[in-house]
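In the numbering used here, the protein residues as written are 3 to 51. Working notes, beginning with the structure itself.
Set out below in structure tokens:
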């Protein structure tokens with residue numbers, strides 16, 4: 003089962019680093035988190051919140 007793709011958004015907030023674009027997902031269950039990590043691709047995942 004895959005989590006929905008989320009939405010494309012400009013991400014900031016890491017000090018003075020440049021803004022980057024990423025896909026935001028809001029997992030509701032542990033299985034959603036697992037799917038998001040497994041579907042992340044070569045750029046990986048940055049968990050926040």
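Glycine included, C-beta positions come from ideal geometry on N, C-alpha and C. Remember, it's a predicted structure, so these values are computed and weren't measured experimentally.
Selection from 26, 47 and 20 that minimises the alpha carbon distance to residue 10
26
Residue 12 in three-state terms, based on DSSP:
strand
Should residue 48 go down as buried or exposed, given a rule of 16 or more other Cβ atoms within 10 Å for buried?
exposed
If residue 29 and residue 35 are in contact, beta carbons under 8 Å, what's the gap, nearest whole angstrom?
5 Å
Is the beta carbon of residue 24 closer than 7 Å to that of residue 40?
no
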